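Participant: Okay, so the sequence shown: first residue is 1 according to the working numbering, each after it adds one. To start, I am sharing the structure in question, which I have written as structure tokens.
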Amino acid sequence: MGIQQAIWQTRDTYLRQFGPDLPVAFFDPAVLADTARMFQQGFPGLVTYAVKANPTARVLRGLIAAGIKAFDVASPVEIDLVRGLMPDATLHYHNPIRSMQEITHAVDAGVRSYSVDRMGELEKLLAQIPDACEISVRLKLDLDCSAYNFGAKFGADADLCVALLRRVMDSGHIASMTFHPGTQCTDPQIWAAYISEVAAIAKRAKCKLHRLNVGGGFPSHRWGEEPDLAPIFDMIKHAHIQHFSDHAPMLVCEPGRAMVADSFSLALCVKTRTDSIIYLNDGIYGGLAEFRDIGHIERYEVISASNKPLYKNISDFTVFGPTCDSLDQLSAPLPLPNDIEEGDYILFENTGAYTHSIATRFNGYGDVKTVEIKNT
Ligand SMILES: Cc1ncc(COP(=O)(O)O)c(C=O)c1O
1 MGIQQAIWQT
11 RDTYLRQFGP
21 DLPVAFFDPA
31 VLADTARMFQ
41 QGFPGLVTYA
51 VKANPTARVL
61 RGLIAAGIKA
71 FDVASPVEID
81 LVRGLMPDAT
91 LHYHNPIRSM
101 QEITHAVDAG
111 VRSYSVDRMG
121 ELEKLLAQIP
131 DACEISVRLK
141 LDLDCSAYNF
151 GAKFGADADL
161 CVALLRRVMD
171 SGHIASMTFH
181 PGTQCTDPQI
191 WAAYISEVAA
201 IAKRAKCKLH
211 RLNVGGGFPS
221 HRWGEEPDLA
231 PIFDMIKHAH
241 IQHFSDHAPM
251 LVCEPGRAMV
261 ADSFSLALCV
271 KTRTDSIIYL
281 NDGIYGGLAE
291 FRDIGHIERY
301 EVISASNKPL
311 YKNISDFTVF
321 GPTCDSLDQL
331 SAPLPLPNDI
341 EEGDYILFEN
351 TGAYTHSIAT
361 RFNGYGDVKT
371 VEIKNT
């Protein structure tokens, strides 16, 4: 159960003073900058940012200001977005499926780094990219420690990785490898297992890998204890040394979630209450979309609109979103104070990743006001 004390008074003050009807995303730029620095100081290689997690200009600008110069992009729109803010940014186009038009767009935009996980897509790429591009072969293993299984969609098994690496080497391009352990992965051993397998594959293919991209997947503080990324970084460093005695590839990571999640919180207003049912001004078609897919954020508190002390008695509430669709309901009850009432706010922490980027405008909802705050 995650009812917490307020961390920043300014958020309470803002909500009580303005009584916003729209969902409010509180953004703390200092938290974003600190997280970017933590990655750059702790990760033993190049830190890139997976734009998909939060492609808003304020986040991209904040990361650029904090020293991030390379980005994982998944589409022409993301390419243009980053280029518009940082014309000389390094772009890694790591969505392994691309149309011919998308490849042309990337080539024209100066992208020189791509990932692949199947032969047909590699041939498509080879037909269009200029000389001396980096091509990262994406491995998948049958391991599970994450919120959902990325291997179900992308990644090649070991035999196919060997064949892809050989084809990349034959083509004269630069051979690298990559993997993604799955988002919100908490077990450092998963990275170790991947790195060990990458080394074995490179050996079989007689390939000196240029770089190894160990993905995103780093956990954010969504539930339970605050995850410590240091043991994951240490495990990556250790496995890299252990499995690549010589010709060790340079390391790269591409975090999305862990880079941005904690720099935002989301305040949602109770539109009405009937017994143990509440209706919020946002739901699974908006900022709470990931609740449906990977479970509730357990870090939240209720802020009383009238500043009355809420009862300590907590019970389970059914929570509906604002649309006319009856599927717009949280998949599990939310424990809340018994006397929560219309006009009160629920303030969810850790909402910076995959909140804005996957929210829809269904039924005219999904609009969010962003308010910058300072962690005082
Ligand atoms: C290729 C790639 N890299 C990085 C990420 C970011 O993952 P996460 O947000 O779990 O760090 C994703 C997420 O979909 C991805 O597909």
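Built from N, CA and C at the ideal position, the CB exists for glycine as well. In this text the structure is predicted, and so the values were computed from the model without any measurement.
Pick from P188, I346, A158 and V137: whose alpha carbon is nearest that of M169?
Facilitator: For this step, residue 169 is matched to residue 169 along the sequence shown. When each option's Cα is compared against that of M169, the closest is V137.
Participant: Is it right to say P55 is buried, meaning 16 or more other beta carbons lie within 10 angstroms of its own, or is it exposed?
Facilitator: Taking the first residue of the sequence shown as 1, we reach residue 55 at position 55. P55 comes out buried.
Participant: Take P23 and list the residues in its own chain whose beta-carbon comes closer than 8 Å to its own, dropping the five residues that flank it on each side.
Facilitator: In the sequence shown, counting from the first residue as 1, residue 23 sits at position 23. Within the same chain, P23 has close Cβ partners L266, A267, L268, C269, N281, D282, G286, G287, D367, V368 and K369.
Participant: Quick one: residues in its chain with C-beta nearer than 7 Å to the C-beta of Q40, no 5 flanking neighbours on either side, listed in chain order?
Facilitator: Taking the sequence shown and counting its residues from 1, the one referred to as residue 40 is at position 40. Around Q40: V47 and G67.
Participant: Comparing the CB of A53 with every heavy atom of ligand 1, is any distance shorter than 7 Å?
Facilitator: Taking the first residue of the sequence shown as 1, we reach residue 53 at position 53. Yes, since a heavy atom of ligand 1 falls inside the 7 Å radius drawn around the Cβ of A53.
Participant: Would you kindly work out how many angstroms separate the C-alpha atoms of R61 and A33, rounded to a whole number?
Facilitator: In the sequence shown, the residue the question calls residue 61 occupies position 61. In the sequence shown, the residue the question calls residue 33 occupies position 33. Their Cα atoms are separated by approximately 10 Å.
Participant: Once you ignore the five residues that flank H210 on each side, which residues in its own chain have a CB closer than 8 Å to its CB?
Facilitator: Mapped onto the sequence shown, residue 210 falls at position 210. Same-chain partners within the cutoff: E134, I174, A175, S176, P249 and M250.
Participant: When the Cβ atoms of the stretch 99-119 are set against those of the stretch 154-163, are three or more pairs found closer than 8 Å?
Facilitator: Yes: the two stretches touch, three or more of their Cβ pairs being nearer than 8 Å.
Participant: To which residues does DSSP link C253 through a beta bridge?
Facilitator: As a working mapping, residue 253 is identified with position 253 in the sequence shown. The partner list for C253 (beta bridge, DSSP) reads V47.
Participant: If the criterion is Cβ atoms closer than 8 Å, does the pair A50 and D80 meet it?
Facilitator: Against the sequence shown, residue 50 aligns to sequence position 50. Against the sequence shown, residue 80 aligns to sequence position 80. Their beta carbons are not under 8 Å apart, which means A50 does not touch D80 by this criterion.
Participant: Near A74, what residues of its chain come up, given a Cβ to Cβ distance below 6 Å and the 5 sequence neighbours on each side ignored?
Facilitator: Mapped onto the sequence shown, residue 74 falls at position 74. Closer than 6 Å at Cβ, skipping near neighbours: K52 and N95.
Participant: Which whole-angstrom value is the C-beta distance of L141 and Y194, which I expect to be below 8 Å?
Facilitator: Translated into the one-based positions of the sequence shown, residue 141 becomes position 141. Translated into the one-based positions of the sequence shown, residue 194 becomes position 194. Indeed they touch by this definition, with Cβ atoms about 6 Å apart.
Participant: Whose C-beta lies closer than 7 Å to the C-beta of H180 among residues of the same chain, with five residues either side of it excluded?
Facilitator: In the sequence shown, residue 180 corresponds to position 180, counting from 1. Taken in chain order, the residues that qualify are F150, G215, G216 and G217.
Participant: Mind the definition here: the stretch 300-317 touches the stretch 331-339 only if three or more C-beta pairs lie below 8 Å; say whether that holds.
Facilitator: In this structure the stretch 300-317 lies against the stretch 331-339, because at least three pairs of beta carbons, one per stretch, are closer than 8 Å.
Participant: Return yes when at least one heavy atom of ligand 1 lies under 7 Å from the C-beta of F18, else no.
Facilitator: Walking along the sequence shown from the start, residue 18 turns up at place 18. Distances between the C-beta of F18 and the heavy atoms of ligand 1 are all 7 Å or more.
Participant: Who are the Cβ neighbours of T360 in its own chain at under 6 Å, not counting the five residues just before and after it?
Facilitator: Against the sequence shown, residue 360 aligns to sequence position 360. The residues are Y285 and G366.
Participant: Provide the residue(s) that pair with Q329 in DSSP beta bridges, ordered along the chain.
Facilitator: Taking the sequence shown and counting its residues from 1, the one referred to as residue 329 is at position 329. For Q329, which the question treats as bridged, DSSP gives the partners F320.
Participant: Relative to ligand 1, is the shortest distance from any of its heavy atoms to the C-beta of G215 smaller than 7 Å?
Facilitator: For the purposes of this step, residue 215 is taken as the residue at position 215 of the sequence shown. Answer for G215: yes, Cβ within range of ligand 1.
Participant: Looking only at its chain, what residues have a beta carbon closer than 7 Å to the beta carbon of K388, apart from the 5 residues adjacent to it on each side?
Facilitator: Past the boundaries of the shown model lies residue 388; the chain is included only from 1 to 376, so the question cannot be answered.
Participant: Which class does H173 belong to by DSSP, given the choice of helix, strand or coil?
Facilitator: Translated into positions along the sequence shown, residue 173 becomes position 173. Here H173 sits in coil by DSSP.
Participant: On a CA-only basis, which of A109, D108, R112 and I103 is nearest K124? Give me that one, please.
Facilitator: Along the sequence shown, one-based indexing puts residue 124 at 124. If we check each option's Cα against that of K124, I103 comes out closest.
Participant: Once DSSP output is grouped into helix, strand and coil, what is the label at N213?
Facilitator: In the sequence shown, counting from the first residue as 1, residue 213 sits at position 213. Strand.
Participant: Measure the alpha-carbon distance for K208 versus V162 and round it to whole angstroms.
Facilitator: Stepping through the sequence shown from its first residue, residue 208 is reached at position 208. Stepping through the sequence shown from its first residue, residue 162 is reached at position 162. Straight-line Cα distance between these residues: approximately 12 Å.
Participant: In whole angstroms, what is the alpha-carbon distance linking P231 and P188?
Facilitator: In the sequence shown, the residue the question calls residue 231 occupies position 231. In the sequence shown, the residue the question calls residue 188 occupies position 188. Near 7 Å, if we compare the C-alpha coordinates of P188 and P231.
Participant: Quick one: what's got a C-beta closer than 8 Å to D262's C-beta in the same chain, skipping five residues either side?
Facilitator: The sequence position of residue 262 within the sequence shown is 262, counting from 1. Result list for D262: V31, T35, S220, H221, E349, N350 and G352, in chain order.
Participant: Mind checking which residues open and close the beta strand (DSSP E) that includes Y279?
Facilitator: Position 279 of the sequence shown holds residue 279. Unbroken beta strand (DSSP E) run through Y279: I277 to L280.
Participant: At what residue ranges does the stretch 276-311 contain a whole run of the alpha helix (DSSP H), taking only runs of 4 or more?
Facilitator: 289-294
Participant: Could you tell me the boundaries of the beta strand (DSSP E) in which F348 lies?
Facilitator: Residue numbering aside, residue 348 sits at position 348 when the sequence shown is read from its first letter. Y345 to F348 is the extent of the beta strand (DSSP E) around F348.
Participant: Report the CB separation of T318 from F362 in whole angstroms; it is logged as a contact under 8 Å.
Facilitator: As a working mapping, residue 318 is identified with position 318 in the sequence shown. As a working mapping, residue 362 is identified with position 362 in the sequence shown. That pair is no contact at about 20 Å.
Participant: Hey, is H105 close to ligand 1, as in C-beta under 7 Å from one of its heavy atoms?
Facilitator: Your numbering for residue 105 matches position 105 in the sequence shown. Because no heavy atom of ligand 1 lies under 7 Å away, the Cβ of H105 does not count as near it: no.
Participant: Compute the beta-carbon to beta-carbon distance between L165 and A205, rounded to the nearest angstrom, for a pair I have assumed lies under 8 Å.
Facilitator: Residue mapping note: residue 165 aligns to position 165 of the sequence shown, counting from 1. Residue mapping note: residue 205 aligns to position 205 of the sequence shown, counting from 1. Their Cβ separation, rounded to whole angstroms, is 4 Å, which keeps L165 and A205 in contact under 8 Å.
Participant: Quick one: does the C-beta of G295 sit closer than 7 Å to a heavy atom of ligand 1?
Facilitator: If you number the sequence shown from 1, residue 295 lands on position 295. Flag unset: Cβ of G295 not near ligand 1.
Participant: Whole alpha helix (DSSP H) runs in the stretch 25-78 with 4 or more residues, listed along the chain?
Facilitator: 29-42 and 57-65
Participant: With DSSP as the reference, label V371 as helix, strand or coil.
Facilitator: For the purposes of this step, residue 371 is identified with residue 371 of the sequence shown, where counting begins at 1. Three-state DSSP puts V371 in a strand.
Participant: The beta strand (DSSP E) that contains Y93, what's its start and end?
Facilitator: For the purposes of this step, residue 93 is taken as residue 93 along the sequence shown, with counting starting at 1. Y93 -> beta strand (DSSP E) spans T90 to Y93.
Participant: Look up V270 in the DSSP assignment and give the residues it is bridged to.
Facilitator: Translated into the one-based positions of the sequence shown, residue 270 becomes position 270. Under DSSP, the beta-bridge partners assigned to V270 are L280.
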